[in-house]
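Undergrad: Counting from 1, position 531 in the sequence shown corresponds to residue 650 in my numbering; the numbering is continuous, with no gaps.
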Amino acid sequence: MYKVLLVDDEADVREGLLGEIDWQRHGFMIAGTAENGQEALELCERLAPDVVITDISMPFMNGLELSHWLRQHQPLVKIVILTGYDEFDYARQAVRLSVDEYLLKPFSSDTFAELLDKIRRRIEDEAAEREDMQRLKEHYRTSLPLLGEGFLASLLTRKLSRSVIEEKAQSYGLQLKGTGYAAAVLALHQGEDGEYAAEPDSLRSSGDIELMLQAMLNIAREWWSAAQLGSAFIHQESVALIGIDTDGEGSAWTRRMGETLDNIVRSIRLYLKLSTTIGVGSVAADLSHLKDSYSDALLALDYRLVVGTGKVIYIGDMEHRGAQKLRLDELKVGALVRSLKVGTPEELREAVAAVFAEPAGYACAYGDIQVYLLEVCTAVWRTAQDAGIALDELFGQGFQLHMELFRLAGLLEMEQWFHDVCLRIMQAIASKRQYTYKDMVEKAIHYTKENYGDPSLSIQQVCAMLHISAGYFSGVFKKETRMTFVQYLMHIRMEAAMALLRETELKAFEIAERVGFADPNYFSFCFKKRLGISPKEYRSRLETGSGELLS
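#1: Hey, could you find the ends of the beta strand (DSSP E) L389 is sitting in?
#2: Is G453 buried or exposed, if buried means 16 or more other CB atoms sit within 10 Å of its CB?
#3: Taking Cβ positions, are I361 and S350 nearer each other than 9 angstroms?
#4: Considering I149, what are the terminal residues of the beta strand (DSSP E) in which it resides?
#5: Going by alpha carbons, who is nearest to R649 out of Y641, M613, D236, A159?
#6: Whose C-alpha, out of F628, M335, I587, is nearest the C-alpha of Y556?
#7: Should A615 and G572 be called a contact, given that it needs their Cβ atoms to be closer than 9 angstroms?
#8: From which residue to which residue does the alpha helix (DSSP H) around L527 run?
#9: Looking at the strands, I want to know which residues DSSP matches up with G398.
#10: Measure the alpha-carbon distance for F642 versus G156 and round it to whole angstroms.
#11: Specify the secondary structure class of A627 as computed by DSSP and reduced to three states.
#12: With a threshold of 6 angstroms on Cβ separation, who are the neighbours of A470 within its own chain once the five nearest residues in sequence on each side are excluded?
#13: Looking only at its own chain, which residues have a Cβ that is under 6 angstroms from the Cβ of G664, when we skip the five neighbours before and after it?
#14: Alpha carbon to alpha carbon, how far is R240 from K626? Give it in angstroms, no decimals.
#15: Which residues share a DSSP beta bridge with F352?
#16: Taking just the CA atoms, how far does L336 sit from L263?
#17: Under three-state DSSP, which class holds Y657?
#18: Under a three-way DSSP split, which group does A403 fall into?
#19: Quick test of your reading: L380 and V358, contact by CB under 8 angstroms. State the CB separation rounded to the nearest angstrom.
#20: For R281 and A473, I'd like the C-alpha separation in whole angstroms.
#21: Inspect the CB distances between the stretch 123 to 132 and the stretch 154 to 171 and report whether three or more fall short of 8 angstroms.
#22: Suppose contacts are defined by Cβ-Cβ distances below 9 angstroms. Is V304 in contact with A403 by that definition?
#23: Rounded to a whole number of angstroms, what is the C-alpha to C-alpha distance between K597 and T603?
#24: Scan the stretch 177 to 228 and note each continuous alpha helix (DSSP H) run of 4 residues or more that stays entirely inside, going in chain order.
#25: Considering V595, what are the terminal residues of the alpha helix (DSSP H) in which it resides?
#26: Give me the DSSP bridge partner(s) of K122.
#27: Among residues of its own chain, excluding the 5 on either side of R440, which ones have a beta-carbon nearer than 7 angstroms to its beta-carbon?
#28: With DSSP as the reference, please indicate the residues paired to V171 in a beta bridge.
#29: Hey, quick one: how far does the alpha helix (DSSP H) through E368 stretch, first residue to last?
#30: Rounded to the nearest angstrom, what separates L255 and D539 at their Cα positions?
#31: If you compare alpha carbons, which of S273, D638, I508 is closest to M180?
#32: Tell me the DSSP secondary structure of R463 in three-state form.
#33: Unbroken alpha helix (DSSP H) runs of length 4 or more, entirely within the stretch 490 to 567: which are they?
#34: Taking only three categories from DSSP, how would you classify Y641?
#35: What's the gap between the Cα of K197 and the Cα of C582?
#36: What first and last residue would you give for the alpha helix (DSSP H) that runs through W343?
Listed below in structure tokens is the structure:
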């Protein structure tokens with residue numbers, strides 16, 4: 120059943136529609152009724168109807184104003200306008216507001232039933248279209264990353280055991296047995312401005328990086344397969360190549376691989392007019408060490424600034440195999456950042472240990488360790504800053520994380536000290552998050568109490584003061600106060616109005632103005648709706664002491 124909100128200031132019209140139409144037969148149920156646009160707006164926020172059927176001419180807020188609000192805040196709602204013949208110009212405005220249907224008064228029950236069927240079919244058709252689109256997107260998302268390529272990509276970033284590799288290779292139908300393995304990375308050249316360089320009128324001018332990578336992959340895969348060297352696939356905005364010496368050719372295999380890589384670079388420049396560079400890692404004797412070859416290939420790419428672009432760069436030509444560079448593992452740093460934000464103390468300890476395991480596992484110079492740890496410290500500092508945590512306030516004036524860390528003697532001592540610092544930051548972030556919601560709502564309540572007399576006061580105005588979105592604020596406010604902001608504002612205004620009626624001799628229109636109602640009639644309407652009596656009757660009962668007053 121689709122929910123309908125019926126809006127008309129004429130009771131006989133509402134009652135007629137409620138009584139003469141078999142709503143359930145046409146797939147609808149009446150979720151609520153309203154006498155004017157303002158009341159309907161409040162019901163829409165609470166009921167989220169599928170269809171709003173509204174008159175045009177109503178007090179406080181007319182049907183066109185209500186339609187305008189619905190198109191901005193609940194765009195999927197179907198809007199049906201009921202209008203008289205003398206309001207045809209209004210109907211034209213309704214069309215401009217993308218109102219779904221309008222019906223001229225008077226109309227028959229059959230005509231109205233046909234309109235309901237039309238609206239229901241439209242809702243069902245649009246829902247089906249959304250479902251079809253969602254299925255297409257899901258199919259597209261799941262069909263792109265082939266399982267085999269996903270496994271090959273994992274070999275580049277993780278050190279898997281031989282048994283796991285053999286099991287996965289068999290499952291995916293991959294031939295990975297060989298006597299030697301090497302990884303190569305084919306990357307687009309980036310200029311000083313960070314943009315990919317390319318010749319005029321080339322594929323680069325499309326600005327579609329994915330399209331360029333796919334075109335590069337097609338050429339690389341064609342050459343790589345023709346030479347029977349292994350696999351090629353897109354990985355982290357580059358083309359990854361895995362070479363396998365399946366026949367134990369040794370040096371003949373490496374020569375054939377080098378010739379093929381040269382052909383790939385030339386073909387991409389010739390056919391795609393793109394400048395590319397290939398970094399080639401060292402040969403690994405076992406597939407479980409392909410991760411090291413891939414790291415070397417990335418390192419070889421770093422030498423583009425030295426030896427130039429548009430060529431094949433071998434890590435062995437740049438430096439001795441034993442002089443490995445210490446590289447920051449983004450996954451481990453990401454785990455550290457996540458543990459600082461939402462992790463447990465145990466997860467934090469594991470993340471810190473993983474970060475410090477990297478420099479401990481390499482025989483590298485102290486300067487390299489300093490650069491590595493400086494990048495880690497920067498990630499921690501940014502995390503604290505994003506969470507609103509000032510390290511000066513937490514650890515003392517002039518505190519600099521990396522400088523304090525570099526004063527320590529060894530990695531074990533550094534790790535323990537760094538863990539303790541991160542633990543305090545994690546606790547500070549958790550504590551700040553605990554009070555953020557409560558503090559935000561308290562500020563909103565205080566602001567509302569100070570400004571409820573302003574007729575223009577709205578949730579958007581409060582959110583602008585808090586520098587947050589209305590959607591986020593609405594959810595938090597209702598969770599903390601058990602009412603919507605609109606309900607709370609009305610509550611504050613009614614409480615203030617009752618106080619003024621009790622304590623002053625101001626007239627109703629003066630009280631309406633003081634508590635934020637630009638329209639005295641709407642004030643009286645809201646007051647009576649809340650208390651069941653008018654402001655005048657409320658004051659009269661106060662003066663006579665008769666009857667029970669609500670609050």
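Where a beta carbon is used, it is the ideal one built from N, C-alpha and C, also for glycine.
TA: By the coordinates alone:
#1: Note, L389: premise wrong, no beta strand (DSSP E); not H, not E.
#2: G453 comes out exposed.
#3: When the beta-carbon positions are compared, I361 and S350 come within less than 9 angstroms of each other.
#4: Counting along the chain, the beta strand (DSSP E) containing I149 begins and ends at 147 to 153.
#5: Distances from the CA of R649 to each of Y641, M613, D236, A159 were compared; the closest alpha carbon is that of M613.
#6: For Y556, the nearest C-alpha among the options comes from I587.
#7: In contact: A615 and G572 (Cβ atoms closer than 9 angstroms).
#8: Here L527 belongs to no alpha helix (DSSP H), and DSSP marks it neither H nor E.
#9: Its beta-bridge partners are V304, I432.
#10: Looking at the two C-alpha atoms, the distance is approximately 15 angstroms.
#11: In the three-state DSSP reduction, A627 falls in the helix class (H, G or I).
#12: Contacts found: A454, L455, S458.
#13: Exclusion of the five residues before and after G664 leaves no residue of its chain whose Cβ lies closer than 6 angstroms to its Cβ.
#14: Approximately 52 angstroms, taken between the alpha carbons.
#15: DSSP lists A359 as partners of F352.
#16: Residue placement at L263 cannot be trusted, given a pLDDT of 42 that sits under 50; the coordinates are not used to answer.
#17: DSSP places Y657 in the helix class (H, G or I) of the three-state scheme.
#18: When secondary structure is reduced to three states using DSSP, A403 falls in the strand class.
#19: Incorrect: roughly 11 angstroms between the Cβ atoms, too far for contact.
#20: Rounded to the nearest angstrom, the two C-alpha atoms are 23 angstroms apart.
#21: Taking 8 angstroms as the limit for Cβ pairs, the verdict is that the stretch 154 to 171 does touch the stretch 123 to 132.
#22: Not a contact, by the Cβ cut-off of 9 angstroms.
#23: Taking the straight line joining both Cα atoms gives about 5 angstroms.
#24: 182 to 192, 207 to 215, all fully within the stretch 177 to 228.
#25: For V595, the uninterrupted alpha helix (DSSP H) segment begins and ends at 589 to 600.
#26: Bridge pairing for K122: M148 [DSSP].
#27: Residue confidence is low: R440 scores 38 on pLDDT, short of 50, so the model does not pin down where it sits. Its coordinate-derived value is still stated next. Result list for R440: S401, in chain order.
#28: V171 pairs with L124, I198.
#29: It is not in any alpha helix (DSSP H) - E368 carries neither H nor E in the DSSP assignment.
#30: A direct Cα-to-Cα measurement between L255 and D539 gives close to 49 angstroms.
#31: For the residues S273, D638, I508, the minimum Cα distance to M180 belongs to D638.
#32: Before going further, note that residue 463 is Thr rather than Arg in the sequence given. Looking at T463 - three-state DSSP - the assignment turns out to be coil, as it is neither helix nor strand.
#33: Within the stretch 490 to 567, the complete alpha helix (DSSP H) runs of at least 4 residues are 510 to 514, 520 to 525.
#34: Y641 falls in the helix class under three-state DSSP.
#35: C-alpha separation (whole angstroms): 28 angstroms.
#36: First-last of the alpha helix (DSSP H) with W343: 328 to 345.
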